[in-house]
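*Asks:* Questions regarding the structure given below will be posed in turn.
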Ligand code: MTE
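Numbering (the numbering used here), first residue to last: 62 to 388.
Take a look at the structure:
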């Protein structure tokens, strides 16, 4: 019996980006066809398919508005432009729904109705929240953050949500609590992404922080992006956003937040500990074993996938907030 090998997307960052680029770069694609002199008859049809693709994608991004909301002035602008919404909505990592970047269609299977988040472990006030509870109890704000994936691509994204420390204040971790673990939604009937790997990988997806990291000003729970609720492909209805760390630390579609005494095992750190550390702070001086982290492919202008090379900043440029945590 032959097993189809589905490569892990961030083990082949360059190839993944290249194939996406070749597929989506409409101008180059059309030019090739014109060169083959079949352009005249086929072009309107391709244009039509691409238009349909965009319409479908846009429908997944068309989520209920979270406006009016205020942008936190400390995180209102960056020197880089905000990434085109269509790119943030179709260039994703969400392994539960597939091993490549184009998971946005599969991710529509995620059932987000009646979502509950269980918060417990070493806390004085364990609670299970539903989404409305969370949105009512913790005032929502917008924050524009840099986002840096360990695969060396980056974006600038306008998240909507609330600081993690607000939730901590309410549930009160006990003095024994040293870590916090986030668990993502998992149901093998639904999250059937890389099928051949589901048995051997440590599902559900989990991530964790030291509680001092969680209490940091930057640590954020996002329930929205671009002024509306999170699309499913971006981790609806609630995910972690930790802008000074590589993107894999930000667990999507969180169902459980648990305070613990010992450092919890986490997903990628369990799969390949030599490549995905527990701390995972963005660091241009510490190469990934298979690629440099000194620069990044900044994805911003749409609608077709393209990027510009930029230098990577220590702590992704957020040293003033977090450097003291690692002194
Ligand atoms: N969370 C879950 N549950 N499953 C995942 O596969 N991928 C991580 C992170 N959170 C992932 C996850 C990685 S590697 C990245 S870079 C970001 O989500 C991607 O977030 P985005 O798709 O919204 O850009």
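Where is the CB? At the ideal position from N, CA and C, for every residue including glycine.
Just so we're clear, the structure is a prediction, and the values are computed from it rather than from any experiment.
Looking at the structure shown, is residue 352 part of a helix, part of a strand, or coil, going by DSSP?
*Replies:* strand
*Asks:* Could you please give me the residues that DSSP links to residue 189 through a beta bridge?
*Replies:* 179
*Asks:* Under the criterion of a Cβ to heavy atom distance below 7 Å, does residue 357 qualify as lining the ligand MTE?
*Replies:* no
*Asks:* In its own chain, which residues sit with a C-beta less than 7 Å from the C-beta of residue 359, not counting the 5 before and 5 after it?
*Replies:* Excluding sequence neighbours, residue 359 sits near 141, 215, 368, 369, 371.
*Asks:* Once DSSP output is grouped into helix, strand and coil, what is the label at residue 372?
*Replies:* strand
*Asks:* Taking the beta strand (DSSP E) that residue 218 falls in, what are its first and last residues?
*Replies:* 214-224
*Asks:* Quick check on the DSSP output: what are the complete alpha helix (DSSP H) runs of length 4 or more inside the segment 294-335, in order along the chain?
*Replies:* 328-332
*Asks:* CA-CA distance, residue 192 and residue 342?
*Replies:* It is roughly 29 Å from the alpha-carbon of residue 192 to the alpha-carbon of residue 342.
*Asks:* Is residue 340 near the ligand MTE, judged by its Cβ being under 7 Å from some heavy atom?
*Replies:* no
*Asks:* Alpha carbon to alpha carbon, how far is residue 303 from residue 242?
*Replies:* 14 Å
*Asks:* Can you give me the Cβ contacts of residue 90 inside the same chain, cut-off strictly under 6 Å, excluding the 5 residues immediately before and after it?
*Replies:* Caution is warranted here: a pLDDT of 32 is assigned to residue 90, below 50, making its placement in the model unreliable, and the coordinate value is therefore given only provisionally. So the list is empty, once near-sequence residues are dropped.
*Asks:* Given the structure, does residue 266 come close to the ligand MTE, in the sense that its CB is under 7 Å from one of the ligand's heavy atoms?
*Replies:* yes
*Asks:* Determine the DSSP secondary structure at residue 196, reduced to helix, strand or coil.
*Replies:* helix
*Asks:* Please state the DSSP three-state secondary structure of residue 117.
*Replies:* helix
*Asks:* Under the three-state reduction of DSSP, which class applies to residue 171: helix, strand or coil?
*Replies:* coil
*Asks:* Write down the C-beta distance between residue 287 and residue 309 rounded to the nearest angstrom, noting that I regard them as a contact closer than 8 Å.
*Replies:* Wrong, their Cβ atoms sit about 22 Å apart, outside the cutoff.
*Asks:* Excluding sequence positions up to five away, which residues of its chain have a Cβ less than 7 Å from the Cβ of residue 354?
*Replies:* 213, 344, 345, 347, 348, 373
*Asks:* Quick check: the segment 229-237 against the segment 204-211, are at least 3 beta-carbon pairs closer than 8 Å?
*Replies:* Counting Cβ pairs under 8 Å, fewer than three are found: no touch.
*Asks:* Which residue or residues does DSSP assign as beta-bridge partners of residue 130?
*Replies:* DSSP lists no partner for residue 130.
*Asks:* Which residues does DSSP list as the beta-bridge partners of residue 269?
*Replies:* Answer is 242, bridged to residue 269.
*Asks:* Could you check what DSSP says for residue 160 in three-state terms: helix, strand or coil?
*Replies:* coil
*Asks:* According to DSSP, residue 202 sits in a beta bridge with which residue or residues?
*Replies:* 131, 222
*Asks:* Which first and last residues belong to the alpha helix (DSSP H) in which residue 149 is found?
*Replies:* 146-149
*Asks:* Assign residue 377 to buried or exposed, taking buried as 16 or more other Cβ atoms, counted over all protein chains shown, within 10 Å of its Cβ.
*Replies:* buried
*Asks:* Mind checking which residues open and close the alpha helix (DSSP H) that includes residue 380?
*Replies:* 380-383 is the span of the alpha helix (DSSP H), which, as asked, contains residue 380.
*Asks:* So what does DSSP say about residue 231, is it helix, strand or coil?
*Replies:* helix
*Asks:* Closer than 7 Å: is that where the CB of residue 156 sits relative to any heavy atom of the ligand MTE?
*Replies:* yes
*Asks:* Once you ignore the five residues that flank residue 190 on each side, which residues in its own chain have a CB closer than 6 Å to its CB?
*Replies:* 178
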